[in-house]
Amino acid sequence: MAPPPPRAPPPRRAALGLPRRSISSRPRPLSRLARGRERDHRVLLVGGAGLRASSIPGPLGPAGEGAPRRSMHPPPPAAGVAMDFGQNSLFGYMEDLQELTIIERPVRRSLKTPEEIERLTVDEDLSDIDRAVYLLSVGQDIQGTSVIANLPILMRQNPTETLRRVLPKVREVLHVASVEMQLTAAVSFLTILQEESMSVHTYAHSFLQVILLHLEHRDTGVSNAWLETLLSAIELLPKETLRHEILNPLVSKAQLSQTVQSRLVSCKILGKLTNKFDAHSIKREILPLVKSLCQDVEYEVRSCMCRQLENIAQGIGTELTKGVVLPELIELSKDESGSVRLAAFETLVNMLDMFDTDDRSQTILPLVKSFCEKSFKADESILISLSFHLGKLCHGLYGIFTPDQHLRFLEFYKKLCTLGLQQENGHNENQIPSQIVEQEKKYTSVRKNCAYNFPAMIVFVDPKNFHMELYSTFFCLCHDPEVPVRYTIAICFHEVSKLLSSGVYMIHKELVTLLQDESLEVLDALINHLPEILELMSIGGESSVQENKLSSLPDLIPALTAAEQRAAASLKWRTHEKLLQKYACLPHIISSDQIYYRFLQRMFTIMMTNNVLPVQRAAARTLCIFLRYNRKQEQRHEVIQKLIEQLGQGKSYWNRLRFLDTCEFIIEIFSKSFFCKYFFLPVIELTHDPVANVRMKLCYLLPKVKSALKIPADMHLLQQLEMCVRKLLCQEKDKDVLAIVKKTVLELDRMEMSMDVFQKKNYEKDLLDQEKEREELLFLEMEQLEKEKHQNDGRSSEKSFEKKRRESRTPTQSLPKNIPISVPGPSSSIPSTSKEIKKSKLIRSQSFNNQAFHAKYGNLDKCASKSSTLGHTPSVSGLMRTAMLSLTDDSFRTRNISSVPASFSPNPVLPSTSRGTGNTADPKNSGGKDVQPRKATLKSRKSNP
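Adding 2 to a residue's 1-based position in the sequence shown gives its number in the working numbering.
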């Protein structure tokens with residue numbers, strides 16, 4: 003009988019080119035097993051030997067007990083057919099193997115069994131004290147920990163019963179308590195003392211012995227927790243209690259016969275006790291123990307006691323310190339253990355102020371020199387600490403250095419700044435890689451500490467000698483290959499700038515280098531004080547002329563823009579947000595045109611495209627500040643138009659939400675009249691927005707919009723606002739928006755409207771708004787004066803020649819210069835007073851180019867006072883009033899609005915809601931034709947102050 007033909011392998015879909023089904027759509031036996039694991043909680047472990055489906059009861063059993071059986075092994079290849087090892091074939095086999103490697107374990111239906119839940123159940127009728135006693139007696143560990151954590155609450159509610167019934171149970175439990183319960187008890191005991199829920203004597207009698215008992219717990223963390231509780235309690239306990247309960251037992255605890263841990267605890271307690279006793283008691287009772295512990299056989303005890311000598315010196319005074327503490331420090335500085343020598347060195351540095359000049363020069367200075375020499379030759383253990391304390395050390399020993407010693411310490415610092423970077427500090431060939439990595443970390447820490455001490459070293463060498471002595475070192479620190487070093491020097495960059503003062507121009511390039519650093523951590527550290535640094539850069543330098551503002555540093559603006567783009571491309575949006583906030587200082591640093599062409603458009607892009615809300619809001623606020631100090635009306639109108647069209651009327655509701663955020667910033671930064679003129683109508687139009695979120699945000703903004711109105715000038719705007727609110731109340735269908743509208747209506751009704759005249763309640767706000775409006779009008783007039791100056795510069799030579807020729811022909815008709823002559827016509831002579839007014843304004847205009855005006859201060863008298871030296875001293879106050887453009891005169895305010903030329907008037911596409919009549923500027927007052935009417939008005943104000 004012929005054998006049956008071998009079974010052919012099933013076709014693979016990938017091999018046939020058919021689309022492969024998802025794993026979830028294919029029949030998976032193991033998933034059926036997962037559904038049946040609630041019946042038999044067996045662990046199914048699948049190994050390399052495979053698993054027969056017939057051995058599994060349930061749906062995977064023999065045929066007829068579920069779905070058709072599917073072999074878990076791949077079928078053998080047919081006879082005479084070569085096995086296919088192609089990618090598609092192997093992919094199919096791998097899927098089956100992946101299914102076999104699933105490990106299933108039983109899953110408990112609940113976290114606690116019924117028996118465990120029964121043990122955790124407590125009678126609800128028990129009082130707090132009874133419940134605490136019950137849980138401490140028969141409860142589980144977590145319940146006892148909860149009772150101890152709530153012990154301060156029980157002491158506040160019922161201190162008597164807590165001390166009588168609960169505290170004894172706590173003492174019993176703590177003997178066998180877990181680490182978590184011990185740590186909780188240490189915190190609770192200290193909280194009870196700090197809350198003063200009982201007298202100090204009662205606390206000492208009830209709790210202090212428990213604290214002292216657990217100081218030598220076998221767990222180091224628990225022992226340190228109880229020690230911290232005791233040290234904090236020492237500050238609050240009375241002197242007699244400390245003497246009897248702590249100091250007297252400490253004599254036996256500090257003996258050599260006690261454990262090392264006991265002696266370490268004694269060292270720390272002695273350092274704390276010196277602040278509670280007088281010098282005589284310290285000398286008689288504490289100093290003998292201190293000397294004994296300083297000479298302990300264990301280096302850990304000597305090191306610990308050495309670090310407490312600073313506290314002991316403060317308690318015993320200068321004389322005893324010089325006679326007792328200083329000799330011990332000198333002896334410990336020569337100790338065989340490196341950790342003891344390190345502790346002695348750090349203690350000496352911290353105690354420099356307590357020693358006189360003789361001790362510093364004769365004792366401490368030679369000791370420090372030996373430390374520095376040993377750090378490079380034989381003992382590198384103190385190198386990190388030495389580099390960290392070097393600035394304080396040089397400052398404390400500054401007066402006793404000879405020129406040679408001064409130079410040696412400076413060279414030592416320079417060597418530390420390049421440690422690990424020079425050839426002589428290369429790695430030894432015999433070192434293993436782990437040692438090399440450890441040494442590199444140590445060298446990096448040393449250079450980081452040197453960067454930390456760099457401002458102190460500038461003081462050490464004198465800022466005048468910075469370029470010759472420390473500039474090369476500063477350059478190396480700013481270009482260090484390790485990020486922590488550059489991060490540290492970026493943190494103290496502003497301090498270096500302050501110290502250099504007028505010589506800050508020497509580190510311009512290093513500022514650009516750090517702004518372009520590849521690590522965002524360095525950039526984040528630098529921008530914390532970026533406004534301060536840029537301001538110092540702008541006012542410092544070799545000359546005091548500030549016409550071009552950082553013109554000597556052309557790479558600054560590209561570095562600032564590159565830093566922002568690098569922060570935007572990263573995931574660290576907080577750094578990006580902070581950088582955009584700091585860019586608000588740029589109007590004080592660079593020119594208005596540079597901001598407009600390099601930064602302002604970028605703010606728009608961020609508002610439109612960035613996905614992080616805080617970043618968008620930061621960009622919106624910075625853009626408003628850029629707009630506030632922009633010097634050209636055309637650019638201002640372009641920005642306003644973009645805000646309204648691309649944000650306020652944008653297709654995306656997200657952009658319209660950002661428009662409302664921008665309007666909120668405009669109300670804060672600009673004057674009320676500016677907002678009402680350009681942004682009131684676009685904001686009100688959003689009451690008809692189809693998106694509920696936009697209408698909701700608008701409702702929150704409406705109170706601020708109303709606060710920007712003034713009565714009676716803005717009565718028509720108030721009526722429009724009330725009409726929009728009524729429509730929202732009547733037509734709003736979204737319940738959430740309607741609820742907010744109702745709350746907003748109540749808030750609007752309670753608001754008091756601002757008046758054109760000052761009120762006592764809002765005097766400060768009205769005064770600030772008046773200053774803002776003055777500045778905005780002053781910007782307009784200064785811009786017009788600058789335009790006139792440029793127009794007249796081309797004709798100045800012809801006018802002067804014509805004037806000389808006319809005077810030569812009619813010499814008898816010349817009049818004194820102090821008599822004003824007014825002849826109608828565009829080329830009429832100008833009164834001398836008007837000339838001086840224009841000249842003073844031009845000077846102020848130039849000063850605004852050099853120093854940006856800060857809206858918070860609003861002190862224009864400083865700018866106006868510069869023009870007082872030009873002549874006519876008696877009329878300075880009148881000129882200042884004219885320059886300040888006082889808004890208390892309504893007629894003068896109308897004159898200012900009407901005399902603005904057409905180039906200043908809003909673009910026709912911009913909505914304009916001017917106060918009062920709402921008339922636009924007269925087109926006749928354009929170009930040079932506006933000169934004469936404005937001069938005449940100024941003259942009339944001069945004659946009628």
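Just so you know, even glycine gets a beta-carbon here, dropped at the ideal spot from N, CA and C.
Predicted, not measured: the structure shown is a model, and the values here were computed from it.
Item                                                                                                                                                          : Value
Please classify Ser-738 as buried or exposed, where buried requires at least 16 other C-beta atoms within 10 Å of its C-beta.                                 : It is Asp, not Ser, that sits at residue 738 in the sequence shown. That one is exposed.
Of all the alpha helix (DSSP H) runs that stay within the bounds of the stretch 661 to 685, which reach a length of 4 or more residues?                       : 674 to 680
Between which residues of its own chain and Leu-232 is the CB-CB distance below 6 Å, once the five residues before and five after are set aside?              : Ile-213
Sort Leu-322, Pro-329, Val-202 and Val-487 by Cα distance to Cys-308 and report the nearest one.                                                              : Pro-329
How long is the line joining the alpha carbons of Leu-889 and Glu-778, rounded to whole angstroms?                                                            : No answer about Leu-889 holds up, because its pLDDT of 36 lies below 50 and its placement is not dependable.
Can you tell me whether Ile-713 is helix, strand or coil according to DSSP?                                                                                   : strand
Do Ile-150 and Val-178 have their CB atoms nearer than 8 Å?                                                                                                   : no
Should Pro-705 go down as buried or exposed, given a rule of 16 or more other Cβ atoms within 10 Å for buried?                                                : exposed
Please state whether DSSP places Lys-416 in a helix, a strand or coil.                                                                                        : helix
If the criterion is Cβ atoms closer than 8 Å, does the pair Thr-420 and Cys-478 meet it?                                                                      : yes
Quick check on Ala-527: buried or exposed, where buried means 16 or more other Cβ atoms within 10 Å of its Cβ?                                                : buried
Under a three-way DSSP split, which group does Glu-497 fall into?                                                                                             : helix
Closer than 8 Å by C-beta to Val-168: which residues in its own chain qualify, once you throw out the five before and the five after it? Chain order, please. : Ile-131, Ala-134, Val-135, Leu-138, Val-149, Leu-153 and Leu-156
Does DSSP classify Gly-325 as helix, strand or coil?                                                                                                          : helix
State the Cα-Cα distance for the pair Lys-644 and Phe-495, rounded to the nearest angstrom.                                                                   : 38 Å
Are the Cβ atoms of Glu-471 and Leu-522 separated by less than 8 Å?                                                                                           : no
Tell me whether Gln-643 sits in a helix, a strand or coil according to DSSP, three-state version.                                                             : helix
If we count the other Cβ atoms within 10 Å of its Cβ and call it buried at 16 or more, is Val-299 buried or exposed?                                          : exposed
Tell me which same chain residues have a C-beta within less than 7 Å of the C-beta of Leu-1, skipping the five on either side of it?                          : Limits of the chain in this structure are 3 at one end and 947 at the other, which puts residue 1 out of reach.
In the DSSP assignment, find the alpha helix (DSSP H) that holds Arg-286 and state where it starts and stops.                                                 : Unbroken run through Arg-286: none, as it is neither H nor E.
What would DSSP say about Ile-384, mapped onto helix, strand or coil?                                                                                         : coil
Skipping 5 residues on each side, what residues in its chain have a beta carbon closer than 8 Å to that of Val-461?                                           : His-397 and Leu-501
Taking C-beta to C-beta, are Lys-580 and Pro-533 nearer than 8 Å?                                                                                             : no
Excluding five sequence neighbours on each side, which residues of the same chain lie with their C-beta closer than 7 Å to the C-beta of Tyr-301?             : Ser-339, Ser-341 and Val-342
Could you give the distance in angstroms between the alpha-carbon of Ser-180 and the alpha-carbon of Ser-264?                                                 : 21 Å
Just how far apart, CA to CA, sit Lys-551 and Gln-651?                                                                                                        : Its pLDDT being 48, under 50, Lys-551 is placed unreliably by the model, and nothing is read from it.
What does the Cβ neighbour count give for Ser-594, buried or exposed, with the cut at 16 atoms within 10 Å?                                                   : buried
Alpha carbon to alpha carbon, what distance is there between Arg-488 and Val-641?                                                                             : 39 Å
Tell me whether Tyr-599 is buried or exposed, calling it buried when 16 or more other Cβ atoms sit within 10 Å of its Cβ.                                     : exposed
Taking Leu-513 as the reference, give the member of Leu-536, His-578 and Arg-362 with the closest Cα.                                                         : Leu-536
What's the gap between the Cα of Asp-892 and the Cα of Ile-491?                                                                                               : In this prediction, Asp-892 scores a pLDDT of 39, lower than 50, which makes its location untrustworthy; the coordinate-derived value is nonetheless stated afterwards. Going from the Cα of Asp-892 to the Cα of Ile-491 covers about 56 Å.
Are there three or more Cβ pairs, one per stretch, closer than 8 Å when the stretch 738 to 754 is compared with the stretch 624 to 643?                       : no
Specify the secondary structure class of Ser-180 as computed by DSSP and reduced to three states.                                                             : coil
Using a 10 Å radius around the Cβ and a threshold of 16 neighbouring Cβ atoms, would you call Asn-613 buried or exposed?                                      : exposed
Report all residues from its chain with a CB closer than 7 Å to the CB of Leu-588; omit the five preceding and five following residues, and keep chain order. : Ile-597 and Phe-601
Within the stretch 217 to 244, note down every full alpha helix (DSSP H) run reaching 4 residues or more, in order along the chain.                           : 222 to 236 and 241 to 244
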